[in-house]
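Residue numbers (UniProt numbering): 1 to 124.
Structure first, commentary second.
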Amino acid sequence: MFIEGYTNRGFAVSGSLVVGPCAVLPRAILQWNVSDRAPTCRPALRPLAEILVLGTGDRVERLHPALMKHMRACGIAVEVQDTANACATFNFLMSEKRLTAAALIPPRSSLARLAPAASERESC
Numbered sequence: 001m002f003i004e005g006y007t008n009r010g011f012a013v014s015g016s017l018v019v020g021p022c023a024v025l026p027r028a029i030l031q032w033n034v035s036d037r038a039p040t041c042r043p044a045l046r047p048l049a050e051i052l053v054l055g056t057g058d059r060v061e062r063l064h065p066a067l068m069k070h071m072r073a074c075g076i077a078v079e080v081q082d083t084a085n086a087c088a089t090f091n092f093l094m095s096e097k098r099l100t101a102a103a104l105i106p107p108r109s110s111l112a113r114l115a116p117a118a119s120e121r122e123s124c
């Protein structure tokens, strides 16, 4: 799986278009309902990922310390970045054959359109 591009509406992942936030696992793409009440995808990550790359939109957002502690206790390292950098980091880690997952929120400021042509998307 590789992230091919993104817009403010979603992501292009290995030839598939995903609208809205998503979780990218080594062999699956899931839509992600981001909210304080939504369950996290932590159980889905075990044992599929040793690293979770979290793209928090236009800027880096802090995660709750309890969530970070829980992820470490589960043996999952978490890297929090803005979405553009998270896409690039995910692709790099996947190219290194690392067990990697990404949870991505589309950036609000992206001016690109969600379109099938790669030349019309922002590349990661």
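Think of the CB as a built atom: it goes at the ideal place given N, C-alpha and C, for glycine as much as any other residue.
For clarity, every value in this text was computed on a predicted model and none was experimentally measured.
Just the C-alpha distance for Ile3 and Arg59, rounded to the nearest angstrom, thanks. Translated into positions along the sequence shown, residue 3 becomes position 3. Translated into positions along the sequence shown, residue 59 becomes position 59. Between Ile3 and Arg59, the alpha-carbon positions lie close to 19 angstroms from each other.
What does the Cβ neighbour count give for residue 131, buried or exposed, with the cut at 16 atoms within 10 Å? One cannot answer for residue 131 here, as it falls past the ends of the chain, which runs 1 to 124.
Which ranges does the alpha helix (DSSP H) cover as unbroken runs of at least 4 residues, wholly within the region 1–82, from first to last along the chain? List check, alpha helix (DSSP H) in window: 42–45, 65–73.
Would you call the region 13–21 and the region 64–73 touching, i.e. three or more CB-CB distances under 8 angstroms? Judged by Cβ distances under 8 angstroms, the region 13–21 makes no contact with the region 64–73, as fewer than three pairs qualify.
Using DSSP's beta-bridge definition, name the partner residues of Thr100. The residue given as residue 100 occupies position 100 in the sequence shown. Paired residue(s): Ile51.
Going by Cα to Cα distance, which pick from Ile51, Ala88, Leu99 is closest to Ala73? As a position in the sequence shown, residue 73 is number 73, starting the count at 1. For Ala73, the closest alpha carbon among the candidates Ile51, Ala88, Leu99 is that of Ile51.
So which of Thr56, Gly75, Ile76, Thr100 has the shortest CA-CA distance to Pro107? Stepping through the sequence shown from its first residue, residue 107 is reached at position 107. For Pro107, the nearest C-alpha among the options comes from Thr56.
Once you ignore the five residues that flank Val53 on each side, which residues in its own chain have a CB closer than 6 angstroms to its CB? Position 53 of the sequence shown, counting from 1, holds the residue named residue 53. So the list reads Glu79, Ala86, Thr89, Phe90, Ala102, once near-sequence residues are dropped.
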